[in-house]
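Under this note's numbering, the sequence shown has 355 at position 355, and the numbering climbs by one with no breaks. Cβ atoms here follow ideal geometry from the backbone N, Cα and C, with glycine treated the same way. Worksheet: one structure, shown below.
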Amino acid sequence: MRRFLERREADGAPITMKLTTRRLVFGVIAIVILLVIALRFTGRGAKPEVTVLTVGRENLSAMIASNGKVEPLDPHVFRAPFDSFVSRVLAVEGHAVKRGELLLELETAATAAALARAKEELVAAEEALRAARAGGPAAEVAQLERDLRTSDAELARLRREREALTRLLSKQAATQDELDRNTLELERAEAQARLVQQKKEDLARRVKLDQERAALLVERARNDLRALEERIQQARPTAPADGTLFALPVRARDFVHAGDVLAEVADLARIRVRAFVDEPELGALEPGQAVEITWDAAPGRVWNGRSERVPRAVVSRGTRSVGEVLCSVENVKSDLMPNTNVNVLIRVRERQNALVVPRGAVRVEGNRRVVFVLEGSRLRQREIRVGIASAAKFEVLQGLSEGERVALPGEVILRNDLEVSAISPK
């Protein structure tokens, strides 16, 4: 041993220090092993903590959540009657307007010139109609009347002369040549009379056609005049009733085409919301259901209304198949503007004092719905039957009693007969 120590000392190794280090390492390893074993045995005896809630009663509403768009109930849309420039704008978008208040004006110089021409055309057409109703042009009618009187007088004279010559010829007081000349003159006079009569009949037919044509021209001229007067009136739109000017897309000196929207006015105290409900939820909809409207731009505000018309068809809207539900909404302060995108909640069913359980506590297994009920310190799986549902809770029709406690899912995997330590939700 002495030789060994002497040899170690000769090598320069501190033997005592190295032995101490080994003992320290072995001790640490032993402590770690004991701690692991202790923790393992301790873990085997600890109960997992599970959050539980007490089943109780409350008023429950089944809601359908969707989105929608605000629409005015009876909007009055003003459109440009013709291509023109906006000469001036007098109203302010979003402000209230009174009945008869002038909103804006369009330039009407060209239309005013057309209106003046239309008035002249109407005067000429009415003069033509009066002439036609008088029987034709006055000079032509007068000449025809003179020709008729002359023809009738000549025929009467020749017929009297013929009668006289016939009597005289029987008494041999006149010659046959005189009678023949009379007969020839009478035939000419009769031919002239027929010609004059033909002219009279032609004039009558022409006058009738002229009357019809002139009447049509007068009617067309009056219609043109009315249309131009309406266009000039439409170039100065006024509010049809008290309301809100909710759209004014034009500014002074803008050029507008015929048919372009100039302004939109409506009474916004009562509005309509067109809600877009997904197809699987349409079966629960009925007219008269309560509706709540919220707007992201006005947190905390709620507008109430009722569903009026349920959809009869499904339409595509982006990637969704939806039915459009029309809802009347009270908007007393007129602060919910048309074309606003809103959130819609439709209350489809209600239960007073219903037995309820959180949705998170209910597990779906095929056609069954089950919960884990805390009995003592163990969980028992139990099937339940549910009724209506809100976004957070189910109505319980069978399988649970008021006051029983059910487990909520968490980090611990719930299973039947699991012994747990119950904790209240935070």
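Check                                                                                                                                                                             : Outcome
Do three or more CB pairs link the region 275-291 to the region 324-332 at distances below 8 Å?                                                                                   : yes
Kindly list the residues whose CB is nearer than 8 Å to the CB of L268, restricted to its own chain and excluding five residues on each side of it in sequence; keep chain order. : P72, G243, T244, F246, N331, S334, L336, M337 and P338
Look up D278 in the DSSP assignment and say whether it is helix, strand or coil.                                                                                                  : strand
Measure how close the beta-carbons of K200 and L144 come, nearest whole angstrom, since I'm counting them as under 8 Å.                                                           : 6 Å
Just to confirm before moving on: does the CB-CB distance between S84 and A235 stay below 8 Å?                                                                                    : yes
Kindly indicate which three-state DSSP category S151 falls into: helix, strand or coil?                                                                                           : helix
Comparing C-alpha positions only, which one of F82, F276 and R181 sits nearest to V344?                                                                                           : F276
Looking at the secondary structure, which residues open and close the beta strand (DSSP E) in which V265 lies?                                                                    : V261 to A266
Within a Cβ cutoff of 6 Å, which residues of the same chain sit near L179, ignoring the five residues on either side of it in sequence?                                           : L165 and L169
Whole-angstrom Cβ separation of E101 and T319, contact assumed at under 8 Å?                                                                                                      : Not quite, the Cβ-Cβ distance comes to about 45 Å (not below 8 Å), so this is no contact.
R405 and E383 - do their beta-carbons sit closer together than 8 Å?                                                                                                               : no
Any idea if I388 is buried or exposed, counting beta-carbon neighbours within 10 angstroms, 16 or more meaning buried?                                                            : buried
Does the region 363-382 come into contact with the region 300-316, if we say contact requires no fewer than three beta-carbon pairs (one atom in each stretch) closer than 8 Å?   : no
If you follow the alpha helix (DSSP H) that Q198 is in, where does it begin and where does it stop?                                                                               : Q176 to Q234
How is the alpha helix (DSSP H) around V123 delimited, first residue to last?                                                                                                     : A109 to R133
Per DSSP, N304 forms a beta bridge with which residues?                                                                                                                           : E292
What is the residue span of the beta strand (DSSP E) that P358 lies within?                                                                                                       : N341 to P358
How big is the Cα-Cα spacing for A227 and V141?                                                                                                                                   : 37 Å
Just curious, the beta strand (DSSP E) that K47 is in, first and last residue?                                                                                                    : Segment: none, K47 is in no beta strand (DSSP E) and carries neither H nor E.
When you compare only the Cα positions, how much space is there between P14 and K47?                                                                                              : The pLDDT assigned to P14 is 48, lower than 50, so where the model puts this residue is not dependable; a value taken from the coordinates is nonetheless given after this. Taking the straight line from one Cα to the other gives about 53 Å.
Return helix, strand or coil for T427, following the three-state DSSP convention.                                                                                                 : As shown, the chain starts at 1 and ends at 426. That puts residue 427 outside it, with no answer to give.
Considering only the beta carbon of each residue, do L216 and A80 sit closer than 8 Å?                                                                                            : no
Grab the span of the beta strand (DSSP E) containing V370 for me, first residue to last.                                                                                          : R368 to E375
Give the range of the beta strand (DSSP E) segment to which L60 is assigned.                                                                                                      : G56 to P72
Please name the residue or residues paired with R157 in a DSSP beta bridge.                                                                                                       : Its beta-bridge partners do not exist; DSSP assigns none.
Whose C-beta lies closer than 7 Å to the C-beta of G283 among residues of the same chain, with five residues either side of it excluded?                                          : none
What are the start and end residues of the beta strand (DSSP E) that includes S328?                                                                                               : R320 to E330
In the DSSP assignment, what are the bridge partners of H76?                                                                                                                      : V265
Among the candidates W295, E127, D296 and P287, whose CA atom is the shortest distance from the CA of R312?                                                                       : P287
If you drop the 5 nearest sequence neighbours on each side, which residues of the same chain put their C-beta closer than 8 Å to that of L197?                                    : For the record, residue 197 in the displayed sequence is Gln; it is not Leu. L148, listed in sequence order.
Roughly how far, in whole angstroms, is the beta-carbon of S151 from the beta-carbon of A124, given that I think they are within contact range, below 8 Å?                        : Going by Cβ atoms, the distance from S151 to A124 rounds to 35 Å, so no, they are not a contact pair.
Under 8 Å by Cβ, that's how I've got E395 and R359 pegged, so tell me the actual separation to the nearest angstrom.                                                              : Wrong, their Cβ atoms sit about 11 Å apart, outside the cutoff.
When we look at the beta-carbon of N437 and count the other beta-carbons within 10 Å, is it buried (16 or more) or exposed?                                                       : For residue 437 there is no data in the structure shown, the boundaries of the chain being 1 and 426.
What are the start and end residues of the beta strand (DSSP E) that includes V364?                                                                                               : R363 to E365
Can you tell me which of E121, D260, Q192 and R205 puts its alpha carbon nearest to the alpha carbon of N223?                                                                     : E121
Tell me the DSSP bridge mates of R378?                                                                                                                                            : E375 and E419
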